[in-house]
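Following the numbering used here, the numbering of the sequence shown begins with 27 at its first residue and continues without gaps.
For each residue, glycine too, the CB sits at the ideal point set by N, CA and C.
The structure displayed is predicted, hence computed values, not measured ones.
This report refers to the structure that appears directly beneath it.
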Amino acid sequence: MSLTRFTLRQIEAFAAVAEARNFGAASEQLGMTTQAVSQLIAELESVLGFRLFDRTTRRVDLSSAGRDFLGSAETLLRHVHSADGVAADVRNRAAGVVRIGAPLVLASSAVPAAIRAYQATHPKVVVRVRDIAVDALVDAVSAGDVDLALGPDRPVPPSVSRAVLFDSLWVLWCAPTHPLARHRVLRWADLNGAPLVSAGRDHERSVARMQLSVPDGERVTPVDVVDNVSTALGLAVQGLAATLGPAYIGVVARPFGLVMRRVVDPETVRKVCLYRHTLRASSPATEGFAEHLTEWLPQWAARTLDDGAQEPRAGKRKPPLRRPPR
27 MSLTRFTLRQ IEAFAAVAEA RNFGAASEQL GMTTQAVSQL IAELESVLGF RLFDRTTRRV
87 DLSSAGRDFL GSAETLLRHV HSADGVAADV RNRAAGVVRI GAPLVLASSA VPAAIRAYQA
147 THPKVVVRVR DIAVDALVDA VSAGDVDLAL GPDRPVPPSV SRAVLFDSLW VLWCAPTHPL
207 ARHRVLRWAD LNGAPLVSAG RDHERSVARM QLSVPDGERV TPVDVVDNVS TALGLAVQGL
267 AATLGPAYIG VVARPFGLVM RRVVDPETVR KVCLYRHTLR ASSPATEGFA EHLTEWLPQW
327 AARTLDDGAQ EPRAGKRKPP LRRPPR
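Structure follows, in structure tokens:
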């Protein structure tokens with residue numbers, strides 16, 4: 027028997043009459059006339075080929091065949107109501123899966139915090155994070171590997187859109203005991219001759235672009251380039267070098283005890299953008315999370331900059347952990 031031979035409305039009418047044992051009560055529950063409910067039951071009985079109810083002037087009882095069929099009908103309605111609920115969640119951005127890519131620092135700090143804030147009101151939305159190198163972010167969106175990407179400003183093809191979320195000053199990070207830490211504000215000339223380590227070719231290129239207006243004799247060249255920002259910060263902790271980077275990496279630099287110093291003449295900002303595909307339709311969950319990031323991330327960036335004013339004191343160490351008594 028083809029499933030299209032009976033309708034959900036007929037099944038709803040059958041379940042309502044079976045529960046109420048009365049056509050009038052069932053019609054009120056369904057918001058229909060008694061005649062319309064009776065017609066739906068008659069149509070369903072015709073399609074099924076057996077009588078569903080034994081009717082008398084006083085009672086409406088399930089027939090033997092009707093009792094056998096009721097369990098399957100109720101199961102069908104439960105699945106339909108469940109599917110309708112899922113559809114409503116998706117439509118209202120309350121459920122779904124979102125894939126987002128970001129460089130290491132943002133993927134390990136800003137994105138997880140944004141997910142936690144979003145899931146407080148959208149617990150059924152699952153956000154999967156991929157840490158992706160800066161130079162691969164746009165390609166990941168274009169290829170469909172991620173739905174959204176968050177990272178520094180990069181050129182985009184026609185298939186990818188770019189929206190600036192916040193600006194982050196490009197600053198120097200160093201140990202509190204480093205000679206450069208004595209200056210509240212630095213100029214590029216102050217960095218000339220100081221050992222600097224760059225985290226990735228992206229940082230190295232950014233430093234070069236910032237110094238286009240700096241005289242040749244004052245330009246700064248990193249003495250080493252490492253793959254990960256955590257390595258650059260580790261070298262800075264030991265006083266072996268200082269490193270240049272955006273202010274938002276303070277979420278990982280400050281726990282190391284590093285201090286931030288502005289570098290001016292010129293002072294440069296790094297624009298952090300949200301990337302998304304322009305030719306593929308985004309899911310409601312993706313649209314909702316993208317709107318959340320647009321509002322939430324600038325506030326996160328402002329907090330990281332405010333926290334940068336709270337610097338650890340040089341030489342001050344945390345007391346050693348005491349062992350619990352045996």
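query, result
"Grouping DSSP H, G and I as helix and E and B as strand, with all else coil, what is Ile126?", "strand"
"Using the C-alpha atoms, what's the distance from Pro272 back to Arg125?", "25 Å"
"Excluding five sequence neighbours on each side, which residues of the same chain lie with their C-beta closer than 7 Å to the C-beta of Gln145?", "Val151"
"Considering Pro138, what are the terminal residues of the alpha helix (DSSP H) in which it resides?", "Ala136 to Gln145"
"Going straight from the alpha carbon of Val363 to that of Met58, what length do you get?", "This structure does not reach residue 363, given that the chain is present from 27 up to 352, and the question cannot be answered."
"Which first and last residues belong to the alpha helix (DSSP H) in which Leu88 is found?", "That residue, Leu88, is in no alpha helix (DSSP H); its beta strand (DSSP E) goes Val86 to Leu88."
"Classify Phe79 as helix, strand or coil using the three-state DSSP reduction.", "strand"
"Is the Cβ-Cβ distance between Asp94 and Asp87 less than 8 Å?", "no"
"Tell me whether Ser168 is buried or exposed, calling it buried when 16 or more other Cβ atoms sit within 10 Å of its Cβ.", "buried"
"Have a look at Ala51, Ser224 and Ala68 and flag the residue whose alpha-carbon is nearest the alpha-carbon of Ile37.", "Ala68"
"Can you tell me whether Glu71 is buried or exposed, with buried defined as 16 or more other CB within 10 angstroms of its CB?", "buried"
"Hey, would you say Ala279 sits closer than 8 Å to Val223, going by beta carbons?", "no"
"Please list, in chain order, all residues of the same chain as Gly170 whose beta carbon is under 8 Å from its beta carbon, the five residues on each side excluded.", "His303 and Arg306"
"Give me, in chain order, the residues of the same chain whose beta-carbon lies closer than 8 Å to that of Ala46; leave out the 5 immediate sequence neighbours on both sides.", "Ala52 and Gln55"
"Determine contact between the region 191 to 198 and the region 318 to 328, defined as no fewer than three beta-carbon pairs at a distance below 8 Å.", "yes"
"Can you give me the Cβ contacts of Val371 inside the same chain, cut-off strictly under 6 Å, excluding the 5 residues immediately before and after it?", "Past the boundaries of the shown model lies residue 371; the chain is included only from 27 to 352, so the question cannot be answered."
"What would DSSP say about Phe95, mapped onto helix, strand or coil?", "helix"
"Grouping DSSP H, G and I as helix and E and B as strand, with all else coil, what is Phe192?", "strand"
"Determine, using beta carbons only, whether Ala99 and Phe76 come nearer to each other than 8 Å.", "no"
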